[in-house]
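Enquirer: For the sequence shown, my numbering begins at 291 and goes up steadily by one. Let me begin by handing over the structure; questions about it come next.
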Amino acid sequence: MVNATLTEVLFSPVNMVLSILLIILILYWIVTMIGGLDFDLDIDVDVDIDADVDLDTGLEGGNMDFEDVSNVEVTKENVIGKRRKPLKGWQIFLIYFNFVGLPFMFTFTCWIFIWWLMTSITTALTFTYDNVFGFAIMLITCIPALFVNKIFTTPFKGFFTHLNKDGDVAVDYLGRKATLLSNISGEKMGNAEVVADGNSMSIYVKSLTGEPLIYGSSVLIIKHSPDQTYYLVQNYND
């Protein structure tokens, strides 16, 4: 056991599943980068945001369309909601651990790698990679791996904010006219529809001065929020 090779540790009964999953993910990224393949995975997720919930995320509540697994990003632009009630536990989980706001497969791959690394090192140092204690370690390290992954992936939010799902520079909405899809006032945020380059997009907005702005009214997009998660708007006068 003391003289176990690296291969024996990584493909031991405890570490085998994570090692194989990581290899599959690596192969996936290689194939995607070289062949430019698109894998469509449509998942309809109902995300409802309560009017009193103020979360710094890309969610607006509604339906998520995972158009491309490698580039999919659950953000305010592709999640639209109309009902108002608290987020479900699993939705808060996805938001908090950066599975929302970043390409899903990017965050998922980073998490699996960190989980695999922590499990492999711990079981190798404690010589538990082939017994029941090793399986306990693998399950336990899943939780700290999520927190480490959150810290690791957070700096990438600024980078992906400036890119759309195809890797191009994102459209600049500042100075454009938009139509409110919900009432907003004070700290309450909502959705607005803006047309840019012939495409209609939904963005997350908040009143610049806090004044009430009603559904269907025209607003002018003034600036980004400090955290780049929504836009500040004011009433538009023709």
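Each residue gets a CB set at the ideal place from its N, CA and C atoms; glycine is no exception.
(1) Taking a contact to mean a Cβ-Cβ separation below 8 Å, would you say Leu-522 touches Lys-513 in this structure?
(2) So, helix, strand or coil for Tyr-318, using DSSP?
(3) May I have the straight-line CA-CA distance separating Arg-373 from Pro-393, to the nearest angstrom?
(4) Which of the three DSSP states, helix, strand or coil, is assigned to Leu-429?
(5) Looking at the unbroken beta strand (DSSP E) that takes in Leu-477, where does it start and where does it end?
(6) Tell me which residue opens and which closes the alpha helix (DSSP H) that Ser-492 is part of.
(7) With 16 as the cutoff for other CB atoms within 10 Å, does Thr-295 come out buried or exposed?
(8) Taking buried to mean at least 16 other C-beta atoms within 10 Å of its own C-beta, is Ser-234 buried or exposed?
(9) Kindly indicate the opening and closing residues of the alpha helix (DSSP H) around Ser-410.
(10) Can a CB atom of chain C be found closer than 8 Å to the CB of Leu-308?
(11) Could you have a look at Gly-348 and say whether DSSP puts it in helix, strand or coil?
(12) Could you give the residue range of the alpha helix (DSSP H) that holds Ile-385?
(13) Give the DSSP-derived three-state secondary structure of Glu-298 in the structure shown.
(14) Check this for me: beta carbons of Ser-302 and Asp-462, under 8 Å apart or not?
(15) What distance in whole Å lies between the Cβ atoms of Asn-525 and Val-509, which are believed to be in contact at a cut-off of 8 Å?
(16) Would you identify the three-state DSSP class for Thr-519, choosing helix, strand or coil?
(17) Taking only the alpha-carbon atoms, compute the straight-line gap between Ala-435 and Ser-507 and give it to the nearest angstrom.
(18) Does the distance from the C-beta atom of Asn-481 to that of Ser-475 stay below 8 Å?
(19) Per DSSP, what are the beta-bridge partners of Ser-508 in this structure?
(20) Does the Cβ of Tyr-505 have 16 or more other Cβ atoms within 10 Å, making it buried, or fewer, making it exposed?
(21) Looking at the structure shown, is Val-390 part of a helix, part of a strand, or coil, going by DSSP?
Expert: Let's see:
(1) By 1-based counting over the sequence shown, the position of residue 522 is 232. By 1-based counting over the sequence shown, the position of residue 513 is 223. Yes, they are a contact pair.
(2) Indexing the sequence shown from 1 puts residue 318 at position 28. Tyr-318 falls in the helix class under three-state DSSP.
(3) As a working note, residue 373 is residue 83 in the sequence shown. As a working note, residue 393 is residue 103 in the sequence shown. Here the model assigns Arg-373 a pLDDT of 42, short of 50, so the residue's position is not dependable and the matter cannot be decided.
(4) Against the sequence shown, residue 429 aligns to sequence position 139. In the three-state reduction of the DSSP assignment, Leu-429 falls in the helix class.
(5) Working through the sequence shown from its first residue, we reach residue 477 at position 187. According to the sequence as given, residue 477 is Glu; it is not Leu. No beta strand (DSSP E) contains Glu-477, which DSSP labels as neither H nor E.
(6) To locate residue 492, count along the sequence shown from 1; it is residue 202. Not the alpha helix (DSSP H): Ser-492 falls in the beta strand (DSSP E), residues 489 to 497.
(7) On the sequence shown, position 5 is the one that residue 295 refers to. Exposed, because fewer than 16 other Cβ atoms sit within 10 Å of the Cβ of Thr-295.
(8) Only positions 291 to 528 of the chain appear in this structure, which leaves residue 234 out of reach.
(9) Here the question's residue 410 lines up with position 120 in the sequence shown. Annotation: the continuous alpha helix (DSSP H) that includes Ser-410 extends over 394 to 416.
(10) In the displayed structure, chain C is absent; only one protein chain is listed.
(11) Translated into the one-based positions of the sequence shown, residue 348 becomes position 58. Because the pLDDT at Gly-348 is just 41, under 50, the model does not fix this residue reliably, and the point stays unresolved.
(12) Residue 385 sits at position 95 when you count from the first residue of the sequence shown. Start and end: 379 to 386.
(13) Taking the first residue of the sequence shown as 1, we reach residue 298 at position 8. In the structure shown, the three-state DSSP call for Glu-298 is helix.
(14) In the sequence shown, residue 302 corresponds to position 12, counting from 1. In the sequence shown, residue 462 corresponds to position 172, counting from 1. Here Ser-302 is not near Asp-462, since their CB atoms are 8 Å or more apart.
(15) On the sequence shown, residue 509 is found 219 positions in, with the first residue counted as 1. On the sequence shown, residue 525 is found 235 positions in, with the first residue counted as 1. The distance from the Cβ of Val-509 to that of Asn-525 is about 6 Å, consistent with a contact at the 8 Å cut-off.
(16) Residue 519 sits at position 229 when you count from the first residue of the sequence shown. Thr-519 carries a coil assignment under DSSP once its states are collapsed to helix, strand and coil.
(17) Counted from its first residue, the sequence shown places residue 435 at position 145. Counted from its first residue, the sequence shown places residue 507 at position 217. For the pair Ala-435 and Ser-507, the Cα-to-Cα distance works out to about 45 Å.
(18) Here residue 481 corresponds to residue number 191 of the sequence shown, with the count starting at 1. Here residue 475 corresponds to residue number 185 of the sequence shown, with the count starting at 1. For the pair Asn-481 and Ser-475, the CB atoms are not nearer than the 8 Å cut-off.
(19) Locating residue 508 in the sequence shown gives position 218, where the first residue counts as 1. Note: Ser-508 sits in a beta bridge opposite Thr-469.
(20) On the sequence shown, position 215 is the one that residue 505 refers to. Per the 10 Å Cβ criterion, exposed.
(21) Counting from 1 along the sequence shown, the entry for residue 390 is found at position 100. Three-state DSSP puts Val-390 in coil, outside helix and strand.
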